[in-house]
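Okay, structure first, notes after.
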Amino acid sequence: MNTWWLSNQILIQSTFISLLLALSIQVPLRAGVFSFAGIGSYAIGAYTAAILTIRAQVAPVVAIGAGVLLAAVVGYLLALLVARLSGLYLGMATISFTLFLGVLATNGGDLTGGATGLFGALSTLTTEHVIAITVVVLVLLAASERGSFGRRVDAVREDPQLAVSLGVDVVRVRRRVFVVSGALGACAGGMNTLLRTTVSPETVGFHLVVTALTIIIVGGAMSWAGAAIGAVIFTWLPSILQFVGEWQLLVYGIVVAIAAVYVPGGLLGLLQEGWRRMRRRGRRLPAEGAVAQTQAAAAVDPEKELAALAAPTTEVRP
Amino acid sequence: MAQDVLNALTLGSLYLLFALGMSLAWGTIGILNFAHGSIFMFAAFTAHLVSEEVALPMPAMIGLGVLIGAAMSVLIQVLAFEPIQRRARDHRKAELQIIVGGIGIAIIPLAIAQRITKSVPFGYSGGTFRVTTYDLGFVRVSNIQLVILVAALGLAGLIGWWLRAARPGLALRAIGVDSEVATMMGVDRRRLALLTMAVAGALAGLAGVLLTYYLGSIAPESGDAFLLKAFAAIILGGVGSIAGVVVGAMVLAGVETVVLVNTDGSWTPAIAFALIFLMLLVRPNGLFGRQEVRRT
Amino acid sequence: MTTTEHPGATAAPPVGTTVLQTVDVAVHYGGIKAVDGIDLTLESGRILGILGPNGSGKSTLLGAITRLVPLTRGRVLLDGGDYSRTPASRLAHRGIARTFQTVRLLPDLTVLENVQLGADLRLDRASRWRELVRRAVSAPVAEAIERTGVGDVLDLRPGELSYGTARRVEIARALAGRPRVLMLDEPTAGMNQPERIEVAALLRRLRDEGLTQLLVEHDVQMMVDTCDRLLAMNQGRHVAEGAPGDVVRDPTVQEAYLGKRWNRAADQ
Chain L
1 MNTWWLSNQI LIQSTFISLL LALSIQVPLR AGVFSFAGIG SYAIGAYTAA
51 ILTIRAQVAP VVAIGAGVLL AAVVGYLLAL LVARLSGLYL GMATISFTLF
101 LGVLATNGGD LTGGATGLFG ALSTLTTEHV IAITVVVLVL LAASERGSFG
151 RRVDAVREDP QLAVSLGVDV VRVRRRVFVV SGALGACAGG MNTLLRTTVS
201 PETVGFHLVV TALTIIIVGG AMSWAGAAIG AVIFTWLPSI LQFVGEWQLL
251 VYGIVVAIAA VYVPGGLLGL LQEGWRRMRR RGRRLPAEGA VAQTQAAAAV
301 DPEKELAALA APTTEVRP
Chain C
1 MAQDVLNALT LGSLYLLFAL GMSLAWGTIG ILNFAHGSIF MFAAFTAHLV
51 SEEVALPMPA MIGLGVLIGA AMSVLIQVLA FEPIQRRARD HRKAELQIIV
101 GGIGIAIIPL AIAQRITKSV PFGYSGGTFR VTTYDLGFVR VSNIQLVILV
151 AALGLAGLIG WWLRAARPGL ALRAIGVDSE VATMMGVDRR RLALLTMAVA
201 GALAGLAGVL LTYYLGSIAP ESGDAFLLKA FAAIILGGVG SIAGVVVGAM
251 VLAGVETVVL VNTDGSWTPA IAFALIFLML LVRPNGLFGR QEVRRT
Chain W
1 MTTTEHPGAT AAPPVGTTVL QTVDVAVHYG GIKAVDGIDL TLESGRILGI
51 LGPNGSGKST LLGAITRLVP LTRGRVLLDG GDYSRTPASR LAHRGIARTF
101 QTVRLLPDLT VLENVQLGAD LRLDRASRWR ELVRRAVSAP VAEAIERTGV
151 GDVLDLRPGE LSYGTARRVE IARALAGRPR VLMLDEPTAG MNQPERIEVA
201 ALLRRLRDEG LTQLLVEHDV QMMVDTCDRL LAMNQGRHVA EGAPGDVVRD
251 PTVQEAYLGK RWNRAADQ
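Chains as they are written, first to last, in the UniProt record's numbering: chain L, 1 to 318; chain C, 1 to 296; chain W, 1 to 268.
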């Protein structure tokens, strides 16, 4: 192993873990569900992994898997409970759920170790495992963003009523999104606990909501790739920003504020927009207003369009 | 017992002052400002910085906090929320972006205050005002408690009356119901929005200064905790309802006090969260909330 | 009846068979009776037009028929079976497609992707996979694009389209699911005259191929030209019904909201 790898273990690990955490918010958001329950699931995964590892000395895959399963079930039940809520109200309800879990952890007595938390969750989980799991998750999510499935999720987000009229079971999509979000959050929480060997109420608090949100807002909320960009930036920014020293948090705040207000698509959105413009220029379409383009195209070829409308169809409609 | 009631009322009044502005902005111009807690803290903090230099009396300190709060709130509205509302494709997107933008902006004053104070709580020992307590036999009441109670209930009454009776208040309510129609009726939406944000910020600043006097000192992180309490108060009472936010703040403070008095207090923070969650499940419009009148 | 799951594969019933029916359908919002006791029958291979001024309840009725608006009273029947408790999303699978009064295309997808969205419910696992890997366009999508003549704008985004083109893309999306009943809510609103004529011609051709349609419009000329039968509504209530010429000449209909000039339109 080279020295860079070894000396940056912690940062490499937290890049992938914060990516998974951010995805637990990004996946619902992509389906138009403003839910922070993924952060609560992080706590569920973290504590489940710690308790199972310390008390039963189970293998890491069991410890993390149990947390993922539990969080998925909790996510499903939560989805049933909050089915009537949407938008802001859903955001508030799920934030409350998440913060409530934090208080629960503080008051869990011996099981959760109270305010000091749990220590000594030693396991054989390595950075390579974390990377492998994250890559599998990313491949699955990337596939879900393309083709028919991706389009239907887009429809659920942008126009649920339209999605219903196109045959998409919006309620079921929303429930699944809660389950996936729970599993992702719990996976991140479980892995983090086993790598750090410890968990406490402080490590699963409100600051995680801010972290996850900033990652996807700065990176771009509409794709896994945006979350990946954001996770890399916010994990490595502090070490790059060392020259600003104690003002680091301030820079962080300014970056987030500017991104949220002026770059709603995030860095990924900027990249995609640039890419699309380049391709368009390549095709030498007129550079003026886009509407003019279409009208021009229609004006050039009215005959062809009419012909298309009037063309006899070869297929016999059954 | 009487002492507990008085303390609960004071706490509720502080929640009320803080939540009043948030509820007003949310219920009328549709802006849920997550930086409200930061404004609250930073106004109190600026007053602290000034009091270190000049020994000011309480009214001057309050005036300072109110001004800083209003200025910050207006600044955020102009620099962040107005551009978002102008550019966003639809109402839902704008709502989400305003929340995220607010969370981002909230970090900035917090970072500055943490950097200067090194996260040590700050107070107004430099000012001329001293807290004195009067023993009434059955209860002990301090001068600052009286100020808080009078300010909170007085201002809630004033704003409630203003929304019902005064012309700009009526216009503001019209925006809350249907902003397009309100614009057609000649309501200057932008000016009213700025006014609302100024009032909201001023209330946050006032609450910040009074809380600092009441507790003796506050930490830069106090804003976040208050933000969540305010959500609970607003959701409990119903968004946009002044009577609702009064009741919500008092109920929250009451329940918290009861739990605090009868237990070791470790469950107290959960009350706000549980109230938000349960209320949203059972009655999303709150105790006093109007039905959604917005058309699709 | 399992075959309704794949209407593309069923044989079309003879023209004039009842496909869809509403019985005493009402939708009330509080005290407002948006739709109040409408009976209508949709016959296969025919176009039924619903005519009425703005606010007469046409779109609400369409919403009730497509289960997007809850019924206050009454029943809706498809192939004789009551579906007033069926989730709205199931209707698309039973061959009902619709468009909306306003343009509702997804802004971040290209025109092609928007049209594909309409066919997605028909994709089986294999073709989903083909599409994901090879980006192949399925036959129903290609056909819908060709019929509506939107082939030139496939790579554009909805925001870049003229209004008339955007509406044609919506019709393409509805056709891509190979529906057996097509419901259109003011499909030509905002179009210029040549575009309207094109769309009307397309709808008639689709009808001749056996596609049952429900058309909501307030362009009376288009309704008279296109529909086989008209139902006139006002203030949520049934006013008149019958052959298009008779309905627009009906004195109650004219007096209520059409104005005298449509007399001439019907005579042409």
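Note that beta-carbon positions come from the ideal geometry of N, C-alpha and C, so glycine has one too.
The Cβ atoms of W:THR17 and W:SER44 sit closer than 8 Å to each other. Of the residues assessed, W:ASN192 falls on the exposed side of the cut-off, its CB having fewer than 16 other CB atoms within 10 angstroms. Taking the Cα positions, C:LEU20 is about 44 Å away from L:LEU194. Judged by DSSP secondary structure, W:ASP39 falls within the beta strand (DSSP E) whose first and last residues are 32-43. In summary, C:LYS118 is exposed, with fewer than 16 beta-carbon neighbours lying within 10 Å of its beta-carbon over all protein chains present. Note on geometry: alpha-carbon atoms of L:ARG196 and C:GLY123 lie some 38 Å from one another. LEU123, ARG128, GLU131, LEU132 and GLU143: these are the residues of the segment 122-145 of chain W whose beta carbon lies less than 7 Å from some beta carbon of chain L, given in chain order. Burial check for C:ASP90: the Cβ neighbour count within 10 Å stays below 16, so the residue is exposed.
Pairwise C-beta distances place the segment 45-56 of chain W in contact with the segment 210-224 of chain W, as three or more of them are shorter than 8 Å.
C:MET72: not part of any beta strand (DSSP E); member of the alpha helix (DSSP H) spanning 58-76, first to last residue. Neighbours of W:ALA88 in chain L, taken as residues whose beta carbon is under 8 Å from its own, are VAL164 and SER165 in chain order. Residue environment analysis places C:ILE144 among the buried positions, since at least 16 neighbouring C-beta atoms fall within 10 angstroms of its C-beta. Across the structure, W:LEU78 and W:GLU195 are spaced so that their CA atoms are roughly 32 Å apart. The C-alpha of L:PHE36 is placed about 29 Å away from the C-alpha of L:ARG55. DSSP, read as helix, strand or coil, puts L:LEU166 in coil. Note that the C-beta distance between W:ASN114 and W:ARG173 is below 8 Å. In this structure, the CA atom of C:ALA193 is about 15 Å from the CA atom of C:HIS36.
Annotation: L:ALA59 is outside any alpha helix (DSSP H) and is labelled neither H nor E by DSSP.
At a cut-off of 8 Å, the C-beta of W:THR66 has a neighbouring C-beta in chain L.
Looking at L:ILE44, L:GLY120, L:SER148 and L:ARG84, the one whose alpha-carbon comes closest to that of L:THR98 is L:ILE44.
Under the 8 Å criterion on CB atoms, L:ALA227 is classed as non-interfacial with respect to chain W. Between C:LEU32 and C:TRP26, the beta carbon gap of about 5 Å places them in contact (Cβ cut-off 8 Å).
C:PRO269 belongs to the set of residues whose beta carbon lies under 8 Å from a beta carbon in chain L. The Cβ atoms of C:GLY237 and C:VAL247 lie closer than 8 Å to each other. Residues of the same chain with a CB within less than 7 Å of the CB of L:ALA115, apart from the 5 flanking positions on each side, are THR106 and PRO201 in chain order. Within the same chain, ARG157, PRO158 and GLY159 come within 8 Å of W:PRO107 by CB-CB distance, once the 5 residues on both sides are set aside.
Residues of chain C with a Cβ closer than 7 Å to the Cβ of L:TYR252 are, in chain order, ILE107. With a beta-carbon spacing of about 18 Å, W:THR102 and W:ILE65 fall beyond the 8 Å limit used to define contacts. Contact check between the segment 221-231 of chain L and the segment 7-24 of chain L: three or more CB pairs, one atom from each, fall below 8 Å, which counts as touching. Nearest to W:SER89 by alpha-carbon distance, out of L:GLY117, L:ASP110 and L:VAL173, is L:VAL173.
W:VAL248 and W:LEU211 have their C-alpha atoms some 25 Å from each other. In terms of CA proximity to W:THR188, W:LEU202 leads the group W:LEU175, W:LEU202 and W:ALA136. When C:ARG164, C:VAL261, C:SER23 and C:ILE148 are compared, the shortest CA-CA separation from C:LEU11 is found for C:ILE148. Within the DSSP bridge table, the entry for W:ILE50 names W:VAL216 and W:LEU231 as partners. For the C-beta of C:ASP224, the chain L residues within less than 7 Å are, from N- to C-terminus, PHE206. Among the CB atoms of chain C, one or more fall inside 8 Å of the CB of L:MET92.
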